[in-house]
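Below is one structure, written out as structure tokens; the observations come after it.
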Amino acid sequence: ETEDIARLSKALGMKRSEFRAQYVGKNEDKDTVFNKRPCPFLKRNLCTQYEARPDCCREYPVSLAIDSMEKLDNLSANYTVCPVIFHALERFRSEEGATL
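For reference, each letter of the sequence shown is one residue, going 723 to 822 in this note's numbering.
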């Protein structure tokens, strides 16, 4: 989390404290998350800060393969936010005939 904030704030030419104030919040589990949805760096389904993107974004789609209820809950919660998750789950649904 700290490395993500350092990387993104540097890429944006901001102090970490400024970045936190503008972009960072906590979810119900007290995890550090962006305070806006969809991601504030997502424009026309592309990441405007791709080189500095957070680790959670760097891990996709590898983390889609991890068999964990927590990961499934996370995918479900981010289905409408992240285009990678959206397209991966839509593809799975069309190929497998699954309902989400």
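The beta-carbon is built from N, C-alpha and C at its ideal position, and this holds for glycine as well.
Please read all numbers here as calculations on a predicted model, not as lab measurements.
Might you give, ordered along the chain, the residues of its own chain that have their beta carbon closer than 6 Å to the beta carbon of residue i, omitting 5 neighbours on each side?
| i | result |
| --- | --- |
| R729 | A774 |
| Y782 | V806 |
In terms of residues, what are the limits of the alpha helix (DSSP H) holding residue i?
| i | result |
| --- | --- |
| F741 | 738-745 |
| R780 | 777-781 |
| T724 | 724-734 |
| R815 | 805-818 |
Where do the N-terminal and C-terminal ends of the beta strand (DSSP E) with residue i fall, by residue?
| i | result |
| --- | --- |
| T754 | 754-756 |
Around the C-beta of residue i, are 16 or more other C-beta atoms found within 10 angstroms, so that it is buried, or is it exposed?
| i | result |
| --- | --- |
| F763 | buried |
| S731 | buried |
| V741 | Strictly speaking, residue 741 in this sequence is Phe, with Val absent from that position. Label assigned to F741: buried. |
Considering only the beta carbon of each residue, do residue i and residue j sit closer than 8 Å?
| i | j | result |
| --- | --- | --- |
| P805 | D726 | no |
| C778 | C769 | no |
Given residue i, which residues of its chain have a CB within under 8 Å of its CB, disregarding the five upstream and five downstream residues?
| i | result |
| --- | --- |
| A752 | Note on identity: in this sequence residue 752 is Lys, with Ala being the wrong assignment. Hits under 8 Å: none found. |
| F756 | Y745, V746, G747, P762 |
| Q771 | L730, A733, L734, F763 |
| A743 | none |
| S816 | none |
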